[in-house]
Amino acid sequence: MSSVAVVSSENMDEKQQSVSTPVVQAAAAKVNLLGMSRPELEKFFEDLGEKKFRAGQVMKWIHQYFVTDFAEMSNISGKLREKLEKICEIKAPEVVHRNYSKDGTRKWVFRVGDGEGSLVETVLIPAEDKTGARKTLCISSQVGCALDCSFCSTGKQGFQRDLTPAEIIGQLWMANYSYMEDVPVAERERTVTNVVMMGMGEPLLNYDAVLSSMQLMLDDFAYGMSKRRVTLSTSGVVPKIDQLAQDIDVALAISLHAPNDELRNELVPINKKYPLQQLIAACQRYLAKDGNESARRHVTIEYVMLDGVNDQPEHAQQLLKLLKNLPSKINLIPFNPFPHAPYGRSSRNRIIAFQKTLSDAGFVCTIRQTRGDDIDAACGQLVGQVADRTRRAEQWKKKVAQQQEILRTQG
Ligand code: SAH
Ligand code: SF4
């Protein structure tokens, strides 16, 4: 078994293309097969003059047996294996930090990109449910985020770059592999049962890479996950919700967080572009697409509970009205504070009262358990120690420093 890679081939490709030496030719960058969907891999084999079905074989080795060394792919001829070794590779992003908590939560920090690169985080949260043991992986889609929601530390970091399909699916690969490292190849299994695209970034603003990664999650030759167990969370990029409805059948979660446009404009600024009425209509179209057979029987409404901001009885009443004609399940998320956040977490009693108003009106309304606290791994709050280098991060730091100065002089 070869070790996990350090630099993704996409980046190597960029680097090597920019260096042109007339005498010594740099060795061609290898193609990374990890992030390729089935159609892409089939084309890859056809272009090599091989049969299409090789794609499925190789996908199984990569995504079901977690093999990165072509020599171990025993149903592929020696000649083809040699050829593949020369021109391609299977590389997950480099793990720079991992932390496995006593409660079963696991967290990884990956380095993506060249040199120092950027850091992204992934967290796995286990839970018991009626169908047995669930292991939910919270996956990142971008480094940072451009949308700047006021309660979100990823937003404060600014946008750095999109993740590639290999970097997105690499998070799922690594989480599964972490349970199978010491298991003989033939006995390996896929352990992660659920995926939520709720880590860093706005998945619908990295659409193509996220789509092909989710296709791999559902593909029987790869992870073969149930479409109801793959959830995309968005803050509401309306045109992309419609595109998603055409392209794939997965569960949809909406980061709503406010029941009226005035408050939502403040908390989730993309609301100014796509206000609530448009967002709710897009959710209705999404659910209408394939009827009951699909993953789209309801949307999940995420609502972060901010003390004194969006947690009052009138907000619950407004929410009831807003969601009246949208089959939805509501998930109340206790706010996860980060240094110098401008909000506090609603009290337990306030959250329970809010939940009661919604449940009494017939909505399924849950309160998200905060898990993995001992390793700072709560989903939606994954950027604790990640370095940020954007202008927005600089402005944020300046603002915090100014506030501290005011507090100091006042105190
Ligand atoms: N950009 C997407 C997906 C990533 S955010 C989206 O906004 O939906 C994943 C979830 O975590 C969102 O519901 C987000 O609103 C929530 N979240 C972000 N910061 C949080 C915080 N400080 N405390 C609790 N939840 C937070
Ligand atoms: Fe981006 Fe989602 Fe954070 Fe908003 S909540 S800034 S969309 S990651």
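Letter 55 of the sequence shown, counting from 1, is numbered 55 in UniProt numbering, and no numbers are missing. Glycine included, every Cβ here is placed at the ideal spot set by N, Cα and C.
Output the residue ranges of the beta strand (DSSP E) runs that lie fully inside the region 296 to 378 and measure 3 residues or longer, sorted by chain position.
-> 299 to 305, 328 to 334, 364 to 367
Take R345 as the anchor and find which of D307, D47, L332 has the nearest alpha-carbon.
-> D307
On the three-pair Cβ rule with 8 Å, is the region 100 to 119 touching the region 152 to 167?
-> yes
Can you give the Cα-Cα distance for L34 and N206, rounded to whole angstroms?
-> 18 Å
Consider the C-beta atom of V112 and the heavy atoms of the ligand SAH; say whether any pair is separated by less than 7 Å.
-> no
Hey, which unbroken runs of the beta strand (DSSP E) at 3 residues or more fall wholly within the region 76 to 148?
-> 94 to 100, 106 to 112, 118 to 129, 132 to 138, 142 to 144
Check the C-beta distance from V192 over to L172 and give it rounded, since I have them as a contact under 8 Å.
-> 6 Å
Any residue whose CB is nearer than 5 Å to a heavy atom belonging to the ligand SF4, listed in chain order | C145, L147, C149, C152, T154, G155, E202, S235
Output the boundary residues of the alpha helix (DSSP H) element that contains S213.
-> 207 to 218
Helix, strand or coil for K255 per DSSP?
-> One detail in the question is off: residue 255 reads as Ser in this sequence, not Lys. DSSP places S255 in strand when its eight states are reduced to three.
Run the proximity test for F338: is its beta-carbon closer than 7 Å to any non-hydrogen atom belonging to the ligand SAH?
-> yes
Using the rule of at least 16 other Cβ atoms within 10 Å of the residue's Cβ for burial, across every protein chain shown, is K240 buried or exposed?
-> buried
Tell me which same chain residues have a C-beta within less than 6 Å of the C-beta of D261, skipping the five on either side of it?
-> P275, L276
In three-state terms, what does DSSP make of F159?
-> strand
K91 beta carbon less than 8 Å from that of R98 = no
Extent of the continuous alpha helix (DSSP H) run through S178 | 165 to 180
Whole-angstrom distance between P327 and K321, CA atom to CA atom = 12 Å
Under the DSSP definition of a beta bridge, which residues are partnered with S233?
-> A253
Look at S213 and I168 and say whether their C-beta atoms are less than 8 Å apart.
-> yes
Roughly how many angstroms lie between the CA atoms of V24 and G236, to the nearest whole one?
-> Confidence at V24 is low in this model, with a pLDDT of 48, below 50, so the placement of that residue is unreliable and no value is reported for it.
Per DSSP, which residues does M197 bridge with? Please list them.
-> L232
Return helix, strand or coil for N260, following the three-state DSSP convention.
-> coil
Looking only at its own chain, which residues have a Cβ that is under 7 Å from the Cβ of Y343, when we skip the five neighbours before and after it?
-> F151, L306, D307, V309, F335
Stretch-stretch touch, CB-based, cutoff 8 Å, three pairs: the region 133 to 144 with the region 187 to 203 | yes
L279, enclosing alpha helix (DSSP H) - first and last residue | 276 to 288
Smallest Cα separation from V250: which of M225, E302, L41?
-> M225
Proximity winner among Q369, A258, D47, K156, relative to E314 (alpha-carbon distances) = A258
Can you name the start and end residues of the alpha helix (DSSP H) that residue 412 belongs to?
-> Within the shown structure, residues of the chain are numbered from 1 to 411, placing residue 412 beyond reach of any answer.
Based on Cα-Cα distance, which residue from V304, A71, Q243, R285 lies nearest to V268?
-> V304
Mind the definition here: the region 53 to 65 touches the region 177 to 191 only if three or more C-beta pairs lie below 8 Å; say whether that holds.
-> yes
Tell me whether M59 counts as near the ligand SAH, meaning its Cβ is closer than 7 Å to at least one heavy atom of that ligand.
-> no
For S85, which residues from the same chain have a beta carbon less than 7 Å from its beta carbon, with the 5 sequence-adjacent residues on both sides left out?
-> One detail in the question is off: residue 85 reads as Glu in this sequence, not Ser. Closer than 7 Å at the Cβ level, and outside the excluded window around E85, lie F70.
Selection from G132, S153, F159 that minimises the alpha carbon distance to G144 = F159
Assign V31 to one of three DSSP states: helix, strand, or coil.
-> strand
Classification of D311 by the beta-carbon crowding that lies within 10 angstroms, buried from 16 upward = buried
May I ask which residues mark the beginning and end of the alpha helix (DSSP H) holding A55?
-> 54 to 63
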